[in-house]
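*Asks:* Going down the list, the protein sequences come from chains A and B.
Final position of the first sequence in the working numbering is 585; the numbers increase by one with none missing.
Final position of the second sequence in the working numbering is 173; the numbers increase by one with none missing.
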Amino acid sequence: MNTAVSDPEIAEDSQARRTDPKSFILRGVKTLRQLLIPLAVAAFTIFEDMSFDELALFLVPGLAAVLGLVVLLNYLPWRRLTYTVAEQDIRVESGVLSRAARSVPYERIQDVSLEQSLLPRLLGLVLVKFETGSGGGDDLRLAYLSEAEGERLRQLVRERRAGQSASQEQAEGAKRQDASEPEAHTLFAMNARRLFIFGTFEFSLAVIAVLGGVIQYLDNLVPEEMWEPSYWQSSLNEYGMGIATMGAFAQTLSALFGVIFVLLIGSATGLIRTFLRDWGFLLERTERGFRRRRGLLTKTDVMMPVHRVQGITIGTGWLRRRFGWHGLKFISLAQDAGASNHVVAPFAQLGEIAPIVSEASLFMPPEDTRWHRPSPQHRNTYMAIGLAVMAMVVVAATIATSMISSEKLDHAQWLVLIPIVSAGALVARLYYRWRFARHAWDGQQVYVRTGWLAPKTVIVTREKLHSVEIVQGPIGKRRGYATLHLGLAGGRFNIDGIELEHAKQLREAVMTTITKTDFSKLERG
Amino acid sequence: MSDAKQIAEQTDGDAELTQLHPNYKSALRVKAIIWSLPFIVGALVLEGIGAVPGGYLVIPIAIIALLAILRLPMRRYNARGYNISSDRLRVVRGIWWNSDTTVPFGRVQHIDVGQGPLARFFGIATLTLHTAGNYNSSVHLPGLGLELANEMREEIRGHIKRESA
Chain A
61 MNTAVSDPEI
71 AEDSQARRTD
81 PKSFILRGVK
91 TLRQLLIPLA
101 VAAFTIFEDM
111 SFDELALFLV
121 PGLAAVLGLV
131 VLLNYLPWRR
141 LTYTVAEQDI
151 RVESGVLSRA
161 ARSVPYERIQ
171 DVSLEQSLLP
181 RLLGLVLVKF
191 ETGSGGGDDL
201 RLAYLSEAEG
211 ERLRQLVRER
221 RAGQSASQEQ
231 AEGAKRQDAS
241 EPEAHTLFAM
251 NARRLFIFGT
261 FEFSLAVIAV
271 LGGVIQYLDN
281 LVPEEMWEPS
291 YWQSSLNEYG
301 MGIATMGAFA
311 QTLSALFGVI
321 FVLLIGSATG
331 LIRTFLRDWG
341 FLLERTERGF
351 RRRRGLLTKT
361 DVMMPVHRVQ
371 GITIGTGWLR
381 RRFGWHGLKF
391 ISLAQDAGAS
401 NHVVAPFAQL
411 GEIAPIVSEA
421 SLFMPPEDTR
431 WHRPSPQHRN
441 TYMAIGLAVM
451 AMVVVAATIA
461 TSMISSEKLD
471 HAQWLVLIPI
481 VSAGALVARL
491 YYRWRFARHA
501 WDGQQVYVRT
511 GWLAPKTVIV
521 TREKLHSVEI
531 VQGPIGKRRG
541 YATLHLGLAG
551 GRFNIDGIEL
561 EHAKQLREAV
571 MTTITKTDFS
581 KLERG
Chain B
9 MSDAKQIAEQ
19 TDGDAELTQL
29 HPNYKSALRV
39 KAIIWSLPFI
49 VGALVLEGIG
59 AVPGGYLVIP
69 IAIIALLAIL
79 RLPMRRYNAR
89 GYNISSDRLR
99 VVRGIWWNSD
109 TTVPFGRVQH
119 IDVGQGPLAR
129 FFGIATLTLH
139 TAGNYNSSVH
149 LPGLGLELAN
159 EMREEIRGHI
169 KRESA
């Protein structure tokens, strides 16, 4: 207490402040947007029978009242919310009728993240989140502060943290140095060219599905016969352009155009989405951890302390894999919601991924790793179950077709081929998934790879596991295989269908590592 | 790590399991009785008003209830067990789906000892260990004598304190 108060900057700081006044305008706009539809509906039902003059008589004061209410409802909470940057903690007091006070000590704040969506960005505001270790979305947040204030708070929290941990050993000078923007070096960045390639692989037909839905919705609005081929045929015939008369060349051409159109839409969707999400992607390693910035309209700036990284996931797609493209994600403690939050290199070559992995105190599986496959018994069991189900379908279908009179079904017996072919596909899939699934472990890490066409590799540190469980089902018990679940903070981690003896070995290996270090030492990093 | 210690660890993982308190069996039975009562009463009522021909509902339900009351608690009790060693707790459970969970004391976040009304009557308790992992974030060990559960809690807590100090 005594050292800091003498510092004029800090003394000035420990007064209560409000969030930026513009943030209450922003909230008002948001409330209005939410109110828009209910208001319109209400207006239509209430004023339905009124003449225009009467309408104006009601509408103007009505609108004014609504506006006034919105302003008041947003002004009061804004006015009553204050935050104080105090000696030991950040305090937020809020509430119009009931008051709530919350205090977050600096040593509990892992980091401060700044987030800007479109509207706040136009007004130069940021959402400031104080990330604590608490699970769920229960972090303290201030919406909204000016960009400068956000940056100042972030800096300040770091300064206090650094000051607290260093206070006993280090001199004041070192503290100052520590607090200035830490040295950062770029680990991964994506330029427009890379984004373009990435976007092309993100090909998505989601838009077409949405369009399909819209068309179905519009169904009632357009003449029904529009969906009948004859409608078009007759109108086309009027111009002497029947499809049948178009000739093979023209038919192929129109089909080709259709395909090209779909491809264009799909690529455009992927490109736009990718550019919006990952524009200016920059991953840096700072003294405090990883810092990721990205986004075109909604910019995000996220800090990930190194010691909170529990493991990594390397994924890919069936096509991009042929060109060596992979994506890297961190598995981190659960407080940040959403899976996409920990993407640190969405589209990179393995050569670019390896250095990031080693920055996270992990490493890629070495060349001499001894990989193991799951138990063949496990694969065979699933094949047998799948085949039995398909066989039942075939029998049922055969009986059904033989019972219906033969003239009604033309070649319907060929339908029986569908389950037979899918049974073949199922067996092939199970076989290849088994062939390509593998796991391994060494002194420090556990590796699991799953998937056939688009394999996914998960690497975790043995030390950062929390429990081990071996589960055996009724068939597994007879066939001698089990599933091994490893307790991982921020994700699930299990190895399916491995031999029981093997699972026990891995359990022992992991347990000996875990019991050597206590949890409290992990979190300090 | 020496080979001898590794072997010691190895056997530790598969060590003999300790059985739960015998009262746990009785508690399971009482629970099964409470569960099956509404079904039996319902079946009797349905047959009483003549909605179902006599015996078609009551007999199968009675058989299932008898199995659930007499046989199932026995099997569940026999399938369960635990092993506490110097640095970990192992909990085994399940008749069909058998799971074998090991929690190292060094990863325990906090510990609960809980007793429902039924458990209190039988003098037994459930020991729950919480970990930070998403899977197995809480591991329950029901059917311990209350005193033993408290002792175990103290012992595990002692380990946590010592290791983090």
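We put the beta carbon where it would ideally sit given N, CA and C, even for glycine.
1. According to DSSP, is Gly50/B helix, strand or coil?
2. DSSP three-state label for Lys33/B, please.
3. DSSP puts Phe321/A in a beta bridge; with which residues?
4. Please state whether the Cβ-Cβ distance between His148/B and Gln117/B is less than 9 angstroms.
5. Taking only beta-carbon positions, decide if Ala87/B is within less than 9 angstroms of chain A.
6. Quick check: the stretch 150–159 of chain A against the stretch 170–179 of chain A, are there 3 or more CB pairs under 8 angstroms?
7. Going straight from the alpha carbon of Gly272/A to that of Ala488/A, what length do you get?
8. When burial is assigned at 16 or more other CB atoms within 10 Å of the CB, is Thr79/A buried or exposed?
9. Thr110/B touches chain A at which residues, Cβ-Cβ below 8 angstroms?
10. Identify, in the order they occur along the chain, each residue of the same chain with its Cβ nearer than 7 angstroms to the Cβ of Asp67/A, setting aside the five sequence neighbours on each side.
11. With the cut-off set at 9 angstroms, would you say Phe341/A and Leu255/A are in Cβ contact?
12. Flag Phe350/A as yes when its Cβ comes closer than 8 angstroms to any non-hydrogen atom of the ligand ZN, and as no otherwise.
13. Since Ala100/A sits in a beta bridge, which residues does DSSP pair it with?
14. Using a Cβ-Cβ cutoff of less than 6 angstroms, which residues in the same chain neighbour Thr573/A once the five nearest sequence positions on both sides are dropped?
15. Less than 9 angstroms separating the beta-carbons of Ile535/A and Ser107/B?
16. State the Cα-Cα distance for the pair Ala239/A and Arg212/A, rounded to the nearest angstrom.
17. Around the C-beta of Arg101/B, are 16 or more other C-beta atoms found within 10 angstroms, so that it is buried, or is it exposed?
18. Can you check whether the C-beta of Val116/B is within less than 9 angstroms of a C-beta belonging to chain A?
19. Just how far apart, CA to CA, sit Val403/A and Gly166/B?
20. Pick out the complete alpha helix (DSSP H) segments inside the stretch 483–541 of chain A, 4 residues or longer, and give them in chain order.
21. Below 8 angstroms on C-beta distance, what does Arg96/B contact in chain A?
22. Taking just the CA atoms, how far does Ala420/A sit from Val188/A?
23. Kindly indicate the opening and closing residues of the alpha helix (DSSP H) around Met424/A.
24. What are the boundary residues of the alpha helix (DSSP H) that includes Ser87/B?
25. Can you find a CB in chain A that lies within less than 9 angstroms of the CB of Asn91/B?
26. Between which two residues does the alpha helix (DSSP H) harbouring Ile103/B extend?
27. As a quick exercise: from Asn440/A, Ala328/A, Glu219/A, pick the residue whose alpha carbon is nearest that of Tyr491/A.
28. Taking the Cβ atom as the reference point for each residue, do Phe47/B and Ile69/B lie within a distance shorter than 9 angstroms?
29. Rounded to whole angstroms, what is the Cα-Cα separation between Leu80/B and Ser418/A?
30. Would you say His545/A reaches chain B, if we count a Cβ-Cβ gap shorter than 9 angstroms as a contact?
31. Is it the case that the Cβ atoms of Phe129/B and Ala35/B are separated by a distance below 9 angstroms?
32. Assuming contact is defined by CB atoms lying nearer than 9 angstroms, are Ser206/A and Gly184/A in contact in what I supplied?
33. For Gly551/A, which residues of its own chain have a beta-carbon under 6 angstroms away from its beta-carbon, when the five flanking residues on both sides are left out?
34. Using a 10 Å radius around the Cβ and a threshold of 16 neighbouring Cβ atoms, would you call Thr245/A buried or exposed?
35. Who are the neighbours of Pro534/A on chain B, taking C-beta pairs under 8 angstroms?
36. Could you have a look at Asp120/B and say whether DSSP puts it in helix, strand or coil?
*Replies:* Let me lay it out:
1. helix
2. helix
3. According to DSSP, which records beta bridges pairwise, Phe321/A is partnered with nothing at all.
4. Annotated as distal: His148/B and Gln117/B, with beta-carbon spacing of 9 angstroms or more.
5. Taking a beta-carbon distance threshold of 9 angstroms, Ala87/B does not count as an interface residue toward chain A.
6. By the Cβ test, the stretch 150–159 of chain A is not in contact with the stretch 170–179 of chain A, since fewer than three Cβ pairs between them sit closer than 8 angstroms.
7. Roughly 33 angstroms between the two C-alpha positions.
8. Buried is the label assigned to Thr79/A, since at least 16 other Cβ atoms lie within 10 Å of its Cβ.
9. Ser527, Val528, Glu529, Arg567, Met571
10. At Asp67/A, the pLDDT of 41 sits below 50, so the modelled position is not reliable; the number obtained from the coordinates is stated separately. There are no such residues.
11. yes
12. Of ligands this structure carries none, so the ligand ZN is not represented either.
13. The partner list for Ala100/A (beta bridge, DSSP) is empty, contrary to what the question assumes.
14. Arg522, Glu523
15. no
16. In this prediction, Ala239/A has a pLDDT of 47, which is less than 50 and means its spatial position is unreliable; nothing more can be read from the coordinates.
17. Residue burial is scored here from C-beta neighbours: Arg101/B has at least 16 other C-beta atoms within 10 angstroms and is therefore classed as buried.
18. Yes, because at least one Cβ of chain A sits closer than 9 angstroms to the Cβ of Val116/B.
19. 39 angstroms
20. 534–539
21. Met571, Thr575
22. Straight-line spacing of the CA atoms in Val188/A and Ala420/A works out to 25 angstroms.
23. It is not in any alpha helix (DSSP H) - Met424/A carries neither H nor E in the DSSP assignment.
24. Per the sequence shown, the amino acid found at residue 87/B is Ala instead of Ser. That run of the alpha helix (DSSP H) goes 80–87.
25. no
26. Per DSSP, Ile103/B is not a residue of any alpha helix (DSSP H), being assigned neither H nor E.
27. Asn440/A
28. yes
29. Distance from the CA atom of Leu80/B to the CA atom of Ser418/A, rounded to whole angstroms, is 52 angstroms.
30. yes
31. By the CB criterion at 9 angstroms, Phe129/B and Ala35/B fall inside the cutoff.
32. Less than 9 angstroms separates the beta-carbon of Ser206/A from that of Gly184/A.
33. Ile391
34. Reading the sequence as shown, one finds His at residue 245/A and not Thr. It is exposed - the Cβ of His245/A has fewer than 16 other Cβ atoms within 10 Å.
35. Trp104, Trp105
36. strand
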